[in-house]
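Student: Those sequence lines, one after another, are chains A and B.
Just so we're aligned, residue 10 is where the first sequence starts under the working numbering, counting upward by one.
Just so we're aligned, residue 23 is where the second sequence starts under the working numbering, counting upward by one.
Using N, Cα and C, we set each Cβ at its ideal position, and we do this for glycine too.
Here's a structure for you.
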Amino acid sequence: MHTGHYISGGGHLALLLWVLFGSVFSSEPDAVEVREVSVVSEEEFAALTERAQPPESTVDVTAPPVPEAEAGAPPPASAPDPEPAPQPDPEPVPEPEPETAPEPVPPTPEADAQQETQELAAPAPEAAPQIDAPEASDRPTPRPAPRISPEPVPEPEPQADTAPDVQEAVEPEPSPDAIEEADPQEAEAPEAASTEIVTEAEEPSRAPSASMRPQTRPNRPTPQPEPEPEAPSETQTAEAPEPEPEPTPEPEPAPEPEPEQSASETSEQLEDGIESALAEALGGGGTTDPEPDVPVGPPMTAGEKDALRLAVQSCWVVDVGSQAANVTVVVGMDMARDGTVVQESMRLVSSSGGEGAAVETAYQSARRAILRCQRGGYDLPPEKYDQWDELEISFDPSGMRIR
Amino acid sequence: MRRLISLCLGLVLAAALPMMAAAQDGPLRIDITEGVIEPVPVAIPSFVPENGASDMAAQITRVVGEDLTGTGLFRRIPQEAFISSISSFSSPIQYADWRAINAQALVTGAVTVEGSQVIVKFRLYDVFTGQELGEGMQFAGTTDGWRRMAHKVADQVYSRITGESGYFDSRVVFVSESGPKDQRAKRLAVMDYDGANVQYLTGSGSIVLAPRFSPSGDRVIYTSYETGSPRVHVLSVGDTQSRILPAQAGSMSFAPRFTPNGQGLLYSVNEGSNTDIYRMDMASGQTSQLTTGPAIDTAPSFSPDGSRIVFESDRSGSQQLYVMPAGGGEPTRISFGPGRYGTPVWSPRGDLIAFTKQNAGRFHIGVMRVDGSEERLLTASFLDESPTWAPNGRVIMFARETQGAQGASSLYTVDVSGRNLKRVTTPDGASDPSWGPLQ
Numbered sequence: 010m011h012t013g014h015y016i017s018g019g020g021h022l023a024l025l026l027w028v029l030f031g032s033v034f035s036s037e038p039d040a041v042e043v044r045e046v047s048v049v050s051e052e053e054f055a056a057l058t059e060r061a062q063p064p065e066s067t068v069d070v071t072a073p074p075v076p077e078a079e080a081g082a083p084p085p086a087s088a089p090d091p092e093p094a095p096q097p098d099p100e101p102v103p104e105p106e107p108e109t110a111p112e113p114v115p116p117t118p119e120a121d122a123q124q125e126t127q128e129l130a131a132p133a134p135e136a137a138p139q140i141d142a143p144e145a146s147d148r149p150t151p152r153p154a155p156r157i158s159p160e161p162v163p164e165p166e167p168q169a170d171t172a173p174d175v176q177e178a179v180e181p182e183p184s185p186d187a188i189e190e191a192d193p194q195e196a197e198a199p200e201a202a203s204t205e206i207v208t209e210a211e212e213p214s215r216a217p218s219a220s221m222r223p224q225t226r227p228n229r230p231t232p233q234p235e236p237e238p239e240a241p242s243e244t245q246t247a248e249a250p251e252p253e254p255e256p257t258p259e260p261e262p263a264p265e266p267e268p269e270q271s272a273s274e275t276s277e278q279l280e281d282g283i284e285s286a287l288a289e290a291l292g293g294g295g296t297t298d299p300e301p302d303v304p305v306g307p308p309m310t311a312g313e314k315d316a317l318r319l320a321v322q323s324c325w326v327v328d329v330g331s332q333a334a335n336v337t338v339v340v341g342m343d344m345a346r347d348g349t350v351v352q353e354s355m356r357l358v359s360s361s362g363g364e365g366a367a368v369e370t371a372y373q374s375a376r377r378a379i380l381r382c383q384r385g386g387y388d389l390p391p392e393k394y395d396q397w398d399e400l401e402i403s404f405d406p407s408g409m410r411i412r
Numbered sequence: 023m024r025r026l027i028s029l030c031l032g033l034v035l036a037a038a039l040p041m042m043a044a045a046q047d048g049p050l051r052i053d054i055t056e057g058v059i060e061p062v063p064v065a066i067p068s069f070v071p072e073n074g075a076s077d078m079a080a081q082i083t084r085v086v087g088e089d090l091t092g093t094g095l096f097r098r099i100p101q102e103a104f105i106s107s108i109s110s111f112s113s114p115i116q117y118a119d120w121r122a123i124n125a126q127a128l129v130t131g132a133v134t135v136e137g138s139q140v141i142v143k144f145r146l147y148d149v150f151t152g153q154e155l156g157e158g159m160q161f162a163g164t165t166d167g168w169r170r171m172a173h174k175v176a177d178q179v180y181s182r183i184t185g186e187s188g189y190f191d192s193r194v195v196f197v198s199e200s201g202p203k204d205q206r207a208k209r210l211a212v213m214d215y216d217g218a219n220v221q222y223l224t225g226s227g228s229i230v231l232a233p234r235f236s237p238s239g240d241r242v243i244y245t246s247y248e249t250g251s252p253r254v255h256v257l258s259v260g261d262t263q264s265r266i267l268p269a270q271a272g273s274m275s276f277a278p279r280f281t282p283n284g285q286g287l288l289y290s291v292n293e294g295s296n297t298d299i300y301r302m303d304m305a306s307g308q309t310s311q312l313t314t315g316p317a318i319d320t321a322p323s324f325s326p327d328g329s330r331i332v333f334e335s336d337r338s339g340s341q342q343l344y345v346m347p348a349g350g351g352e353p354t355r356i357s358f359g360p361g362r363y364g365t366p367v368w369s370p371r372g373d374l375i376a377f378t379k380q381n382a383g384r385f386h387i388g389v390m391r392v393d394g395s396e397e398r399l400l401t402a403s404f405l406d407e408s409p410t411w412a413p414n415g416r417v418i419m420f421a422r423e424t425q426g427a428q429g430a431s432s433l434y435t436v437d438v439s440g441r442n443l444k445r446v447t448t449p450d451g452a453s454d455p456s457w458g459p460l461q
């Protein structure tokens, strides 16, 4: 009667023990350490502003505006001399905007180190400007310098006046940065200030996730070599067209999974990252190599699964009066890219409700159904081959069994 | 406190995330809960006559096909649809040709006749896997017994495809009836399961009732009024010699049955208005009373493992089914539906009990689990009675009598699923069937 409770209790206990003694926290101290840094910053705000600014690599960010302000507004230059030091204070706020420039960089593996330093720096300047805000009241002149964004939010009207100035100032800014290709991107951003702010809010949220991506992305090249094996299968039909079809299918599947994952599976990637970290901590990462290939493709839709289910069940002949009708079997198999079953791979994964000949009969019946209805191959989306390259089909006749 | 909460959240996340991720990993899982109920298409090309025995080969092929299609589980593909032809028993199989006509199984065979000897060989192929199902076999016998060899081939095919033993090479003992109802002559007869090869075991001079095959099929026990009063006889099927069992106190009532080991009998004795169940050892003649009390306890039937006995009793006021230990003891009622339940018979599989049910003026043959659950009525008519199980526990044969003065009794079979109700062709009327073991 309480078997379920016992099983549940035992499972939870085992889980807690595993979490507590499974060296799960080995990866977590990193996050705790990050918070400690923020705590230290609270103790000495003024000192932090001085300390945080230099490590923030704000030099890169502040450097461009400073020459710009000097060049674009020489009259206030008299005051700026002592103020350049406070100027960086409000500037850390615009910093996230210039961070957009390095963001295009993160796709490259170099982002790991850069993003980490930025993450640590980002919280510190946020606290600093809040305290510096009253101080900023004494700085009417430096404000023209932060033309970029902090002002338009509190004061919409000055935005219109300063906006044209800002655009002019922004355009030259990116050019000195480094990359010319990034310039048009920055020029487009200031046009819609509100949208920029939103994207900035999103980007820092992606930053932690992106830190984990570099581990999975190097694995993505593995699915790319997979489409290459398609080439030999295609070579069977004709050798001449080989090179042409190869490159076209390869880039297509590669970009498709990436945007879909970034759009909808960001949370899942977080989970995957945590899981992989835990798996590595537990030493179970040896078998994870083939697994990362599976989630690469987009998930099968319910309709696609239903189509496969209907195709197989239309050939599943159930002898409701036999003892095999009491047996549920799970048949595993590998699939070829053309949707056909690799017959040699068919296997009985598990069974329940019977034994001996009844199980064998139920398995053979299921096996015949799968082979009989495949004909030229099941209609499965080829771009999702990674999702259905291995199938497990459960045949449960309990709904048909005569009571 | 905040640390504690964050720790708890961390534990939950750490536990949940791997589980969620694990659910996403692995092969794509599809669950199928609905299939189709239809006969399996089977191709049975004419067996190859290897020694000019074309007639015999054609007859054997026909019987094999009739056996398989008669179960309702197989459908024979007409020969006109074949793309390939089997000209030699050892020729390779062109599976694609048989797949094209949607044959799931292919039976090939060859027949050789040498004098009065006939040899039948066969092979069974799983068309869609492209493999032979089991190994080829051959049976040898006399030309007179060609039907048995055909039945044996069909049994092998049935067994290899369904995973259950067959029942084609088996015989049924029954009461052959002729004449009008008020002057009906009854003889003991035995036939193949399909109604062929009827042989009469007794004359028509006396009334015979309730024949039962022994578990080994070598003897038949039945009740005869040959001496004017009902007495239990044991007849040897081989030489049709019978002997009368020693009389017991009171009068031995109907429905004697063999124990599973064939060494004993279960029967009921009627004393006044009281009927109780007894067990007798046939070798020593020792008897033991299994039930007591004023009720009518009768129609006992052993479970195949010999551990329990199911019987009918009116101890609750109406005729119901009860199960008790083999040595007697407190019975457990298993039937609770409306109407009257009688003549229970335990399935050779041990999982079901067949019975006769009378309710609302109609008779039914039904089955239920041994605990009384999952009762299903398989038939309904003016009079259905005397169920008996095929040796594999898959089919039930029973007697059905039509209404009216000209009504006659005949034998029917029905699948345990309630499908495939068929009449068994017999020369005359027939009742009280008892299905023998697989030979």
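Quick one: residues in its chain with C-beta nearer than 7 angstroms to the C-beta of residue 182 of chain B, no 5 flanking neighbours on either side, listed in chain order?
Tutor: 146, 155, 156
Student: How many Å lie between residue 373 of chain B and residue 104 of chain B at the Cα?
Tutor: 41 angstroms
Student: Hey, residue 375 of chain A and residue 340 of chain A: beta-carbon distance below 8 angstroms or not?
Tutor: yes
Student: For a cutoff of 8 angstroms on Cβ pairs, would you count residue 356 of chain A as touching chain B?
Tutor: no
Student: Between residue 133 of chain B and residue 72 of chain B, is the Cβ-Cβ spacing less than 8 angstroms?
Tutor: In this structure, residue 72 of chain B lies closer than 8 angstroms to residue 133 of chain B by Cβ.
Student: Residues of chain B with CB under 7 angstroms from residue 318 of chain A, in chain order?
Tutor: 52, 54
Student: Does the CB of residue 101 of chain B have a neighbour CB from chain A at under 8 angstroms?
Tutor: no
Student: Taking contact to mean at least 3 C-beta pairs separated by less than 8 angstroms, is the stretch 95 to 103 of chain B in contact with the stretch 63 to 83 of chain B?
Tutor: yes
Student: When the distance is taken between beta carbons, is residue 194 of chain B closer than 8 angstroms to residue 458 of chain B?
Tutor: yes
Student: Please list, in chain order, the residues of the stretch 429 to 452 of chain B that have any C-beta partner in chain E closer than 8 angstroms.
Tutor: Annotation note: the requested chain E is absent from the structure, which comprises protein chains A and B.
Student: From residue 158 of chain B to residue 391 of chain B, what distance separates their C-alpha atoms?
Tutor: 38 angstroms
Student: Just checking: is the beta-carbon of residue 401 of chain A within a distance shorter than 8 angstroms of some beta-carbon in chain B?
Tutor: yes
Student: I'd like to know whether the C-beta of residue 49 of chain B is nearer than 8 angstroms to at least one C-beta of chain A.
Tutor: Answer yes: the Cβ-Cβ gap between residue 49 of chain B and chain A drops below 8 angstroms somewhere.
Student: Does the distance from the C-beta atom of residue 347 of chain B to that of residue 279 of chain B stay below 8 angstroms?
Tutor: no
Student: With 8 angstroms as the threshold, decide whether the Cβ of residue 406 of chain A is near any Cβ in chain B.
Tutor: Taking Cβ atoms only, chain B reaches closer than 8 angstroms to residue 406 of chain A, which makes this a yes.
Student: Looking at the structure shown, is residue 71 of chain B part of a helix, part of a strand, or coil, going by DSSP?
Tutor: strand
Student: Could you pull the DSSP bridge partners for residue 200 of chain B from this structure?
Tutor: Partner(s): B:207.
Student: If you reduce the DSSP assignment to three classes, tell me which class residue 420 of chain B lands in.
Tutor: strand
Student: Compare the C-alpha of residue 8 of chain B against each of B:238, B:198, B:218 and name the closest.
Tutor: Only positions 23 to 461 of chain B appear in the structure, and residue 8 of chain B is not among them; the question remains open.
Student: Where DSSP assigns a beta bridge to residue 338 of chain A, which residues make up the other side?
Tutor: A:360, A:404
Student: Is residue 400 of chain B helix, strand or coil when you go by DSSP?
Tutor: Annotated three-state conformation of residue 400 of chain B is coil, per DSSP.
Student: Under three-state DSSP, which class holds residue 250 of chain B?
Tutor: coil
Student: Just the Cα atoms here: how many angstroms apart are residue 46 of chain B and residue 404 of chain A?
Tutor: Reliability fails at residue 46 of chain B, whose pLDDT of 46 lies under 50, so the model's placement of it is uncertain and no value is given.
Student: Less than 8 angstroms between the beta carbons of residue 299 of chain B and residue 288 of chain B, yes or no?
Tutor: Yes, these two residues count as a Cβ contact at 8 angstroms.
Student: Can you give me the start and stop residues for the alpha helix (DSSP H) that residue 383 of chain A sits inside?
Tutor: Residues 366 to 383.
Student: Hey, which unbroken runs of the beta strand (DSSP E) at 3 residues or more fall wholly within the stretch 273 to 336 of chain B?
Tutor: Runs of the beta strand (DSSP E) spanning 3 or more residues and lying entirely within the stretch 273 to 336 of chain B occur at 286 to 293, 296 to 303, 309 to 311, 319 to 324, 330 to 335, in chain order.
Student: Please go through the same chain and pick out, in chain order, the residues whose beta-carbon is closer than 6 angstroms to the beta-carbon of residue 248 of chain B, but skip the five residues on each side of it.
Tutor: 228
Student: Determine the DSSP secondary structure at residue 344 of chain A, reduced to helix, strand or coil.
Tutor: strand
Student: Nearest-angstrom Cα distance between residue 315 of chain A and residue 327 of chain A?
Tutor: 20 angstroms
Student: Since residue 309 of chain A and residue 50 of chain B are thought to touch, with beta carbons under 8 angstroms apart, how far apart are those beta carbons, to the nearest angstrom?
Tutor: 6 angstroms
Student: Whose C-alpha, out of B:340, B:371, B:240, B:355, is nearest the C-alpha of residue 361 of chain B?
Tutor: B:340
Student: To which residues does DSSP link residue 332 of chain A through a beta bridge?
Tutor: According to DSSP, which records beta bridges pairwise, residue 332 of chain A is partnered with nothing at all.
Student: Residue 356 of chain B: which of B:371, B:338, B:370, B:350 sits nearest, CA to CA?
Tutor: B:338
Student: Is residue 190 of chain B near residue 131 of chain B, with beta carbons less than 8 angstroms apart?
Tutor: no
Student: Out of A:30, A:337, A:329, A:345, point me to the one whose CA is closest to residue 184 of chain B's CA.
Tutor: A:329
Student: With the cut-off set at 8 angstroms, would you say residue 143 of chain B and residue 111 of chain B are in Cβ contact?
Tutor: In contact: residue 143 of chain B and residue 111 of chain B (Cβ atoms closer than 8 angstroms).
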